[in-house]
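A.B. asks:
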Amino acid sequence: MSARISPTLVVVISLASALCAARLEAASADAASDVLKYERAVCAAYERNDAAAIDSLVADGYVLTESNGSLTKKSDDLRDARNQAVRFTAFRNEDMQVTMYGLATAIVRGKTIVQGTAKDGSKVDVVVQFTDTVVRIGGRWKLVAGHVSRLKNS
């Protein structure tokens, strides 16, 4: 006895597959847009030295790898924000590109412009190329890891 698949069933399966793919693509685009908004919120929190906002936006295990190989943890960023180690006049990302991996993980690449004055009076004027790993945790985007490379002209 051989099983036959009706042409109608093939059409229904094909349409369902196409609909699922379209919905996933739309959801991925929405998630990428949310990640860009999230990244802007993170920059605004750092620019304001808003330790409470940084604490809520950044995952507890967050680590940033600096150009020189040193590691900065969330606790370091919170301390610097509370102490206002730098009074920022600019802290913004530009040229951001988001790559989604499913609907809960994103890699964001771009440039960060950081300007301000350190507590000792020295000027801060840095441009870095960055890569951030952002994950949806408990329904909220959280920065879990980052890497920056200082650009030559900064």
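Heads up, the working numbering is the position in the sequence shown plus 32, with the first residue counted as 1. Note that beta-carbon positions come from the ideal geometry of N, C-alpha and C, so glycine has one too.
How would you label LEU56, buried or exposed, when you count the other beta carbons within 10 angstroms and need 16 or more for buried?
C.D. replies: To locate residue 56, count along the sequence shown from 1; it is residue 24. Summary for LEU56: the model assigns pLDDT 48, below 50, so the residue's position carries little reliability; its value from the coordinates is reported in the next sentence. It counts as exposed.
A.B. asks: Assuming the contact rule is C-beta atoms closer than 8 Å, VAL17 and SER107 should be a hit. Round their C-beta distance to whole Å, please.
C.D. replies: Absent from the structure is residue 17, since the part of the chain shown begins at 33 and ends at 186.
A.B. asks: Based on DSSP bridge pairs, tell me the residues matched to SER181.
C.D. replies: On the sequence shown, residue 181 is found 149 positions in, with the first residue counted as 1. Its beta-bridge partners are GLN161.
A.B. asks: So within the region 63-97, which uninterrupted alpha helix (DSSP H) runs reach at least 4 residues, ignoring any that extend past its ends?
C.D. replies: Those alpha helix (DSSP H) runs which fall completely within the region 63-97 and span 4+ residues are 83-89.
A.B. asks: Short of 7 Å in beta carbon distance, which residues of its chain neighbour LEU175, apart from the five on each side in sequence? Order them along the chain.
C.D. replies: Here residue 175 is taken as the residue at index 143 of the sequence shown, counted from 1. So the qualifying residues of the chain are VAL74, LEU89, VAL90, ALA91, TYR94, ASP164 and VAL166.
A.B. asks: With a threshold of 7 Å on Cβ separation, who are the neighbours of ILE86 within its own chain once the five nearest residues in sequence on each side are excluded?
C.D. replies: The residue given as residue 86 occupies position 54 in the sequence shown. Contacts found: ALA77, TYR78, ASP109, LEU110 and ALA113.
A.B. asks: Kindly list the residues whose CB is nearer than 7 Å to the CB of TYR142, restricted to its own chain and excluding five residues on each side of it in sequence; keep chain order.
C.D. replies: Mapped onto the sequence shown, residue 142 falls at position 110. Checking the sequence, you will find Gly at residue 142 rather than Tyr. Result list for GLY142: ASN125, GLU126, ASP127, MET128, GLN129 and PHE162, in chain order.
A.B. asks: Straight-line CA distance for MET132 to LEU68?
C.D. replies: For the purposes of this step, residue 132 is taken as the residue at position 100 of the sequence shown. For the purposes of this step, residue 68 is taken as the residue at position 36 of the sequence shown. Whole-angstrom Cα-Cα distance: 11 Å.
A.B. asks: Given this structure, state the Cα-to-Cα distance separating LEU96 from THR40, to the nearest angstrom.
C.D. replies: For this step, residue 96 is matched to residue 64 along the sequence shown. For this step, residue 40 is matched to residue 8 along the sequence shown. Cα to Cα, the separation comes out at about 54 Å.
A.B. asks: Please give me, in chain order, every unbroken run of the alpha helix (DSSP H) with length at least 4 that falls completely inside the region 104-131.
C.D. replies: The region 104-131 contains these whole alpha helix (DSSP H) runs: 106-115.
A.B. asks: For the candidate residues SER154, GLY170, VAL118 and VAL160, whose alpha-carbon lies nearest to that of ALA136?
C.D. replies: Stepping through the sequence shown from its first residue, residue 136 is reached at position 104. Closest by alpha carbon: GLY170.
A.B. asks: CB LEU183 to CB VAL159, shorter than 8 Å?
C.D. replies: Along the sequence shown, one-based indexing puts residue 183 at 151. Along the sequence shown, one-based indexing puts residue 159 at 127. Yes, Cβ-Cβ distance for LEU183 and VAL159 is below 8 Å.
A.B. asks: Any heavy atom of the ligand GTP inside 7 Å of the beta-carbon of GLN161?
C.D. replies: By its list of ligands, the structure shown contains no ligand whatsoever, and the ligand GTP lies outside what it can speak to.
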